[in-house]
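Numbered by mature numbering (1 follows the signal peptide of the UniProt record, and there is no 0), the letters in the sequence shown go through residues -20 to -1, 1 to 72 in order. Just so it is clear, CB atoms sit at the ideal spot from N, CA and C, and this is done for glycine as well. These numbers were taken from a predicted model, which means no experiment stands behind them. Below you'll find the structure, written out as structure tokens, and then a few comments.
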Amino acid sequence: MRSFFFACVIFLLINNVLLCEKFKKHVEMFCKFPGETNTCLTDNAYSFVSSCCSSKGGCNSVEFPKSKICCFTQSCLDRCYPGKGYRVGTVY
């Protein structure tokens, strides 16, 4: 019985880690300018990690709330990529 419980705990931990990897993958895919190493996120972007990781199967690319996590405003571009001169509409 103990080994079954231990196996279930390990399975849940591994499953949770893999689902959270999807969040990281989507952030990298949707929230940074090609060629840049840094992502551009809203101030509360990481508040969505738990909801993404806890959803069944993790959040897929359609369910990923890009508009709430990725920052697409001019002030964000200026903050995330200072001195680069990126303009809204030409970056993403």
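Using only the alpha-carbon positions, how far apart do residue i and residue j sit?
i, j, result
"residue 65", "residue 56", "12 Å"
"residue -8", "residue 24", "With a pLDDT of 39 at residue -8, under the threshold of 50, the modelled position of this residue cannot be trusted, and the question is left open."
"residue 14", "residue 8", "10 Å"
"residue 63", "residue -1", "32 Å"
"residue -3", "residue 45", "Since pLDDT at residue -3 reaches only 44, below the 50 mark, its modelled position is unreliable, and the value read off the structure follows with that caveat. Spanning the two alpha carbons is a distance of roughly 19 Å."
"residue 26", "residue 42", "18 Å"
"residue 5", "residue 69", "23 Å"
"residue 35", "residue 28", "11 Å"
"residue -16", "residue 52", "Below a pLDDT of 50, predicted positions are generally treated as unreliable, and residue -16, at 44, falls in that range; the measurement from the model is reported next regardless. So the alpha carbons of these two residues sit roughly 45 Å apart."
"residue -5", "residue 10", "Confidence is the limiting factor: at residue -5 the pLDDT is only 44, short of 50, which leaves the residue's position unreliable, though a coordinate-based value still follows. If I take the Cα positions, the gap works out to 22 Å."
Measuring alpha carbon to alpha carbon, tell me which of the options ends up nearest residue i.
i, options, result
"residue 49", "1, 19, 61", "19"
"residue 109", "42, 67, 12, 26", "Because the chain here runs from -20 to 72, residue 109 falls outside it and cannot be looked at."
"residue 30", "58, 3, 12, 47", "3"
"residue 59", "-1, 12, 6, 39", "12"
According to DSSP, residue i sits in a beta bridge with which residue or residues?
i, result
"residue 50", "21"
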